[in-house]
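Visitor: In order, the protein sequence lines correspond to chains A and B. Heads up: the first sequence runs through residues 1 to 336, numbered per the working numbering. Heads up: the second sequence runs through residues 337 to 672, numbered per the working numbering. Just passing along the structure, written as structure tokens.
There are 2 protein chains.
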Amino acid sequence: MNPSPTPEKIMQLGMAFWGSKTLLSAVELEVFTELARQPLNADTLQTRLGLHPRSARDFFDALVALGILERDNGLYKNTPETDLFLDKAKTSYIGGFLEMANARLYRFWGSLTEGLKTGLPQNEAKEGGDFFGTLYADPIKLKSFLQSMTGLSMGASKAIAQQFPWDQHQTFFDIGSAQGGLVVEVAMAHPHIKGGGFDLPVTGPIFEEYIRSFGLNDRLRFLPGDFFNDPLPQAEVLSMGHILHDWNLEEKKLLIAKAYDALPKGGALIIFESLIDDERQTNAFGLLMSLNMLIELPGGFDYTGADCTAWLKEAGFRETRVEHLVGPDSMVIGIK
Amino acid sequence: MNPSPTPEKIMQLGMAFWGSKTLLSAVELEVFTELARQPLNADTLQTRLGLHPRSARDFFDALVALGILERDNGLYKNTPETDLFLDKAKTSYIGGFLEMANARLYRFWGSLTEGLKTGLPQNEAKEGGDFFGTLYADPIKLKSFLQSMTGLSMGASKAIAQQFPWDQHQTFFDIGSAQGGLVVEVAMAHPHIKGGGFDLPVTGPIFEEYIRSFGLNDRLRFLPGDFFNDPLPQAEVLSMGHILHDWNLEEKKLLIAKAYDALPKGGALIIFESLIDDERQTNAFGLLMSLNMLIELPGGFDYTGADCTAWLKEAGFRETRVEHLVGPDSMVIGIK
Numbered sequence: 001m002n003p004s005p006t007p008e009k010i011m012q013l014g015m016a017f018w019g020s021k022t023l024l025s026a027v028e029l030e031v032f033t034e035l036a037r038q039p040l041n042a043d044t045l046q047t048r049l050g051l052h053p054r055s056a057r058d059f060f061d062a063l064v065a066l067g068i069l070e071r072d073n074g075l076y077k078n079t080p081e082t083d084l085f086l087d088k089a090k091t092s093y094i095g096g097f098l099e100m101a102n103a104r105l106y107r108f109w110g111s112l113t114e115g116l117k118t119g120l121p122q123n124e125a126k127e128g129g130d131f132f133g134t135l136y137a138d139p140i141k142l143k144s145f146l147q148s149m150t151g152l153s154m155g156a157s158k159a160i161a162q163q164f165p166w167d168q169h170q171t172f173f174d175i176g177s178a179q180g181g182l183v184v185e186v187a188m189a190h191p192h193i194k195g196g197g198f199d200l201p202v203t204g205p206i207f208e209e210y211i212r213s214f215g216l217n218d219r220l221r222f223l224p225g226d227f228f229n230d231p232l233p234q235a236e237v238l239s240m241g242h243i244l245h246d247w248n249l250e251e252k253k254l255l256i257a258k259a260y261d262a263l264p265k266g267g268a269l270i271i272f273e274s275l276i277d278d279e280r281q282t283n284a285f286g287l288l289m290s291l292n293m294l295i296e297l298p299g300g301f302d303y304t305g306a307d308c309t310a311w312l313k314e315a316g317f318r319e320t321r322v323e324h325l326v327g328p329d330s331m332v333i334g335i336k
Numbered sequence: 337m338n339p340s341p342t343p344e345k346i347m348q349l350g351m352a353f354w355g356s357k358t359l360l361s362a363v364e365l366e367v368f369t370e371l372a373r374q375p376l377n378a379d380t381l382q383t384r385l386g387l388h389p390r391s392a393r394d395f396f397d398a399l400v401a402l403g404i405l406e407r408d409n410g411l412y413k414n415t416p417e418t419d420l421f422l423d424k425a426k427t428s429y430i431g432g433f434l435e436m437a438n439a440r441l442y443r444f445w446g447s448l449t450e451g452l453k454t455g456l457p458q459n460e461a462k463e464g465g466d467f468f469g470t471l472y473a474d475p476i477k478l479k480s481f482l483q484s485m486t487g488l489s490m491g492a493s494k495a496i497a498q499q500f501p502w503d504q505h506q507t508f509f510d511i512g513s514a515q516g517g518l519v520v521e522v523a524m525a526h527p528h529i530k531g532g533g534f535d536l537p538v539t540g541p542i543f544e545e546y547i548r549s550f551g552l553n554d555r556l557r558f559l560p561g562d563f564f565n566d567p568l569p570q571a572e573v574l575s576m577g578h579i580l581h582d583w584n585l586e587e588k589k590l591l592i593a594k595a596y597d598a599l600p601k602g603g604a605l606i607i608f609e610s611l612i613d614d615e616r617q618t619n620a621f622g623l624l625m626s627l628n629m630l631i632e633l634p635g636g637f638d639y640t641g642a643d644c645t646a647w648l649k650e651a652g653f654r655e656t657r658v659e660h661l662v663g664p665d666s667m668v669i670g671i672k
């Protein structure tokens, strides 16, 4: 007996942007940073955040019902997750990506249909703007963006530090290293590892500040460069996290070939992304991330472990494997 | 042992607008109407929908991973739910509300933060536009909107037709009847019931067409009126579905008082909404619907069963009860 179909699941998904935008606004308004200081009642929280009384309580209670705030005896407080990850005063803050999603992506995704019809990006580029250009010109925005990338990849970075056989290698460079989130996790877990990050010169000071804050500047260094126009650093292990999906197929293969050239025999390339499952039917986040590449970039797309494995073999890597990391993230390892 | 917190739930909720907008774009592009005719492979579906090849397959596979399409041997087809509810050729189509959400609400919710700070609507009203004015001036848009309301309330309407003791009553009018979704469900399930719908004159032809399509025009009729400025129809049972939440507290109480006046002793008022749970901590949809009233209207808000019960008692109703219907919807019944 199949129960008769109900529209509930469709309506929930169709209106899921309500809950999503409510969290994004809460991050923008720094609800979680405020409540990390102390639990507050609705009136005090409303005043502190500068909200109009009309809908403040509905807003706070919606956050409770969504499972990202708690309320005890009229006092609102963070959940363990929001206290750790959405309090700006903590280094574990990952809200930067959500701030960016709130300020940019939510709006640009409003033009998804046009993107699907034209195959063209729907972000600042559409009105002649240049997101990365603007970003690289403003050190404060850039730092915030790179921090958000650290947060976004933190789970994957910790898993890579645990799962990869680092004891078999001595040197490691992350290509497109941003703030240095991955190299710090690896260096902290494996005191013998030396290396650093390779990224555009403008990211150097932000990388170096982050590395110093962990006291790792004796083992990790910043190497400035453009991964299309400069040779990649030589190390036993190279990694590219959320890099390949930005580029078209030809560019992806070029970056893999450059990594192959830079590695010694027996060296390893680690590629990690929200890999789409090989059957392309379960990892919704990976597939939606690929649509996000449509919104953001002229040729980027996400891919499966099988796709990436084929590119690695084609580039000459003799051994490959795919391992799940956390949540939607997996890594592909190629051994030269 | 508590497992250490992970950011996964936060990220999933924060980026949930991706999946939501993907479904909304699929409704806009009539993916489900196309596939209801016959299952299609990616290339044919892309051509039929007029999509650019770049991201079409990612789009279709994302819909599969989100559980709203199926794929067998490379052929995409609807799920039982999307076939029944998102095929425009079927009377069970409920996509009108999602079309409206895609064309309007998604964008207006982008200004949620401003709404929370100002307490002011964030829709057409903000630029001097008038959503309802425009709607009432365009018969095709109006019909589509009223259809969407029918779809949105269909589950609740069927539940009310089953749960309420209709055998104890003979006459029934729905106040703010829109297309007539509720009165049709009640009249079909209970052949002794007579009555109809009360709504603004402009909705009359759309109501009457819907009633005739079920052959119910001998028992159901349309009574034109403005529920603030005209007396309500006299009947043993009156209902207001997704009506009270549009208005401020004073207006809500006025409408309840007018219903009380129009009912005979022993008569019943049925109020149904996505009622917020009394503890205000589980029905996220009801709380978010209340934020949607902030986006859409100057004074509307959603409320709990306890709130509504108190208003009914205050208006003189001698007996009240709250019953869950389906999904986020519940009804409050007041007996005069």
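Every residue gets a Cβ at the ideal spot worked out from N, C-alpha and C, and that includes glycine. Small disclaimer: the values here were computed from a predicted structure and weren't measured.
I'd like to check one pair, residue 434 of chain B with residue 369 of chain B: are the Cβ atoms closer than 9 Å?
Guide: One-based indexing of the second sequence puts residue 369 of chain B at position 33. One-based indexing of the second sequence puts residue 434 of chain B at position 98. Cβ atoms of residue 369 of chain B and residue 434 of chain B: not closer than 9 Å.
Visitor: Taking CB distances under 9 Å as the criterion, tell me whether residue 305 of chain A reaches chain B.
Guide: Taking the first sequence and counting its residues from 1, one reaches residue 305 of chain A at position 305. Answer no: the Cβ-Cβ gap between residue 305 of chain A and chain B never drops below 9 Å.
Visitor: Find the residues of chain B that neighbour residue 55 of chain A, judging by a C-beta separation of less than 9 Å, and give them in chain order.
Guide: The count along the first sequence starts at 1 and reaches residue 55 of chain A at position 55. 451, 452, 455, 626, 627, 629, 630 and 637, listed in chain order.
Visitor: Run down chain A in chain order and give the residues with a C-beta less than 8 Å from the C-beta of residue 346 of chain B.
Guide: To locate residue 346 of chain B, count along the second sequence from 1; it is residue 10. 23, 68, 81, 82, 85, 86, 94 and 98, listed in chain order.
Visitor: Only counting runs of 3 or more residues, tell me where the beta strand (DSSP E) segments fall wholly within the region 452 to 523 of chain B, in order along the chain.
Guide: Qualifying beta strand (DSSP E) stretches, in chain order: 507 to 511.
Visitor: State buried or exposed for residue 476 of chain B, treating a residue as buried only when at least 16 other CB atoms are found within 10 Å of its CB.
Guide: The residue you call residue 476 of chain B lines up with position 140 of the second sequence. Exposed, since its Cβ has fewer than 16 Cβ neighbours within 10 Å.
Visitor: Please work out which residues of its chain come closer than 6 Å, Cβ to Cβ, to residue 493 of chain B, disregarding the five sequence neighbours upstream and downstream, and give them in chain order.
Guide: If you number the second sequence from 1, residue 493 of chain B lands on position 157. Correct list, in chain order: 517, 518 and 521.
Visitor: DSSP on residue 274 of chain A, reduced to helix/strand/coil?
Guide: Along the first sequence, one-based indexing puts residue 274 of chain A at 274. Residue 274 of chain A falls in the coil class under three-state DSSP.
Visitor: Any contact of the region 340 to 355 of chain B with the region 19 to 28 of chain A, i.e. 3+ C-beta pairs under 8 Å?
Guide: Yes, since at least three Cβ pairs between the region 340 to 355 of chain B and the region 19 to 28 of chain A fall closer than 8 Å, the two stretches touch.
Visitor: Among A:205, A:302, A:193 and A:81, whose alpha-carbon lies nearest the alpha-carbon of residue 340 of chain B?
Guide: Your numbering for residue 340 of chain B matches position 4 in the second sequence. Among A:205, A:302, A:193 and A:81, the Cα nearest to that of residue 340 of chain B belongs to A:81.
Visitor: Cβ closer than 7 Å: which chain A residues qualify as neighbours of residue 388 of chain B?
Guide: Walking along the second sequence from the start, residue 388 of chain B turns up at place 52. Per Cβ cutoff of 7 Å: 116, 117, 118 and 119.
Visitor: Rounded to the nearest angstrom, what separates residue 457 of chain B and residue 451 of chain B at their Cα positions?
Guide: To locate residue 457 of chain B, count along the second sequence from 1; it is residue 121. To locate residue 451 of chain B, count along the second sequence from 1; it is residue 115. Cα to Cα, residue 457 of chain B sits roughly 6 Å from residue 451 of chain B.
Visitor: Give the straight-line distance between the Cα atoms of residue 71 of chain A and residue 298 of chain A, rounded to the nearest whole angstrom.
Guide: For this step, residue 71 of chain A is matched to residue 71 along the first sequence. For this step, residue 298 of chain A is matched to residue 298 along the first sequence. Near 45 Å, if we compare the C-alpha coordinates of residue 298 of chain A and residue 71 of chain A.
Visitor: How far does the alpha helix (DSSP H) with residue 545 of chain B in it reach, from first residue to last?
Guide: If you number the second sequence from 1, residue 545 of chain B lands on position 209. Run containing residue 545 of chain B: 540 to 549, per the alpha helix (DSSP H) assignment.
Visitor: At which residue ranges does the region 394 to 444 of chain B contain complete beta strand (DSSP E) runs of 3 or more residues, listed in the order of the chain?
Guide: Whole beta strand (DSSP E) segments, 3+ residues: 405 to 408 and 411 to 414.
Visitor: Short of 8 Å Cβ to Cβ, which residues in the region 21 to 45 of chain A face chain B?
Guide: Against chain B - using a Cβ distance shorter than 8 Å - the residues of the region 21 to 45 of chain A are 21, 22, 23, 24, 25, 27, 28 and 29.
Visitor: Residue 407 of chain B versus chain A: which residues are under 7 Å apart at the beta carbon?
Guide: Here residue 407 of chain B refers to the residue found at position 71 of the second sequence. By Cβ distance, chain A contributes 281.
Visitor: Bridge partners for residue 194 of chain A per DSSP, in chain order?
Guide: Start at 1 with the first residue of the first sequence, and residue 194 of chain A comes out as number 194. BP columns for residue 194 of chain A point to A:171.
Visitor: In the DSSP output, which residue or residues are listed as bridge partners for residue 572 of chain B?
Guide: Counting from 1 along the second sequence, the entry for residue 572 of chain B is found at position 236. None, per the DSSP bridge assignment.
Visitor: Flag residue 160 of chain A as yes if its beta-carbon sits less than 9 Å from any beta-carbon of chain E, otherwise no.
Guide: In summary, chain E is missing from the structure at hand, where the protein chains are A and B.
Visitor: Any chance you could list the beta strand (DSSP E) runs of at least 3 consecutive residues sitting entirely within the region 610 to 636 of chain B, in chain order?
Guide: Complete beta strand (DSSP E) runs here, min 3: none at all.
Visitor: Hey, does residue 246 of chain A have any beta-carbon neighbour from chain B nearer than 9 Å?
Guide: Taking the first residue of the first sequence as position 1, residue 246 of chain A is located at position 246. No, its Cβ sits nowhere closer than 9 Å to a Cβ of chain B.
Visitor: Going along chain A in order, which residues have a C-beta closer than 8 Å to the C-beta of residue 334 of chain B?
Guide: Lying outside 337 to 672, the shown extent of chain B, residue 334 of chain B is not represented and no answer is given.
Visitor: Using the three-state DSSP reduction, which class does residue 304 of chain A fall into: helix, strand or coil?
Guide: Within the first sequence, residue 304 of chain A is the residue found at index 304, counting from 1. Strand at residue 304 of chain A.
Visitor: Drop a sphere of 10 angstroms on the beta-carbon of residue 249 of chain A, count the other beta-carbons inside from all chains shown, and report buried for 16 or more, exposed for fewer.
Guide: Walking along the first sequence from the start, residue 249 of chain A turns up at place 249. Classification of residue 249 of chain A: exposed, given that the 10 Å Cβ count is below 16.
Visitor: Check the Cβ of residue 355 of chain B against every Cβ in chain A and list those closer than 8 Å, keeping chain order.
Guide: As a working note, residue 355 of chain B is residue 19 in the second sequence. The contacting residues are 13, 16, 284 and 288.
Visitor: One question on the structure: do residue 612 of chain B and residue 640 of chain B come within less than 9 Å of each other, judged by their Cβ atoms?
Guide: As a first step, residue 612 of chain B is located in the second sequence; it is residue number 276 there, counting from the start. As a first step, residue 640 of chain B is located in the second sequence; it is residue number 304 there, counting from the start. Result yes, Cβ atoms of residue 612 of chain B and residue 640 of chain B sit closer than 9 Å.
Visitor: Can you give me, in chain order, the residues of the region 254 to 275 of chain A that have a beta carbon less than 8 Å from any beta carbon in chain B?
Guide: Cβ contacts with chain B come from no residue of the region 254 to 275 of chain A.
Visitor: Along the beta strand (DSSP E) that carries residue 330 of chain A, what are the first and last residues, could you check?
Guide: Indexing the first sequence from 1 puts residue 330 of chain A at position 330. Looking at the DSSP string, the run of the beta strand (DSSP E) that includes residue 330 of chain A is 330 to 335.
Visitor: In the DSSP assignment, what are the bridge partners of residue 577 of chain B?
Guide: Here residue 577 of chain B refers to the residue found at position 241 when the second sequence is read from its first residue. Residue 577 of chain B pairs with B:608.
Visitor: Could you tell me whether the region 605 to 623 of chain B touches the region 538 to 553 of chain B, using the rule of 3 or more Cβ pairs below 8 Å?
Guide: In short, these stretches do not touch, since the Cβ pair count stays below three.
Visitor: Please list, in chain order, all residues of the same chain as residue 484 of chain B whose beta carbon is under 6 Å from its beta carbon, the five residues on each side excluded.
Guide: Against the second sequence, residue 484 of chain B aligns to sequence position 148. Closer than 6 Å at the Cβ level, and outside the excluded window around residue 484 of chain B, lie 432, 433 and 436.
Visitor: Here's the rule I'm using: 16 or more other beta-carbon atoms within 10 Å means buried, otherwise exposed. How should residue 609 of chain B be labelled?
Guide: The residue labelled residue 609 of chain B in the question sits at position 273 within the second sequence. The residue is buried, with at least 16 neighbouring Cβ atoms inside 10 Å.
Visitor: Might you give, ordered along the chain, the residues of its own chain that have their beta carbon closer than 6 Å to the beta carbon of residue 426 of chain B, omitting 5 neighbours on each side?
Guide: One-based indexing of the second sequence puts residue 426 of chain B at position 90. Contacts found: none.
Visitor: Tell me which same chain residues have a C-beta within less than 7 Å of the C-beta of residue 331 of chain A, skipping the five on either side of it?
Guide: Within the first sequence, the letter at position 331 stands for residue 331 of chain A. Once the five neighbours on either side are set aside, the close Cβ partners of residue 331 of chain A are 160, 270, 271, 272, 323 and 325.
Visitor: What does the Cβ neighbour count give for residue 355 of chain B, buried or exposed, with the cut at 16 atoms within 10 Å?
Guide: Walking along the second sequence from the start, residue 355 of chain B turns up at place 19. The residue is buried, with at least 16 neighbouring Cβ atoms inside 10 Å.
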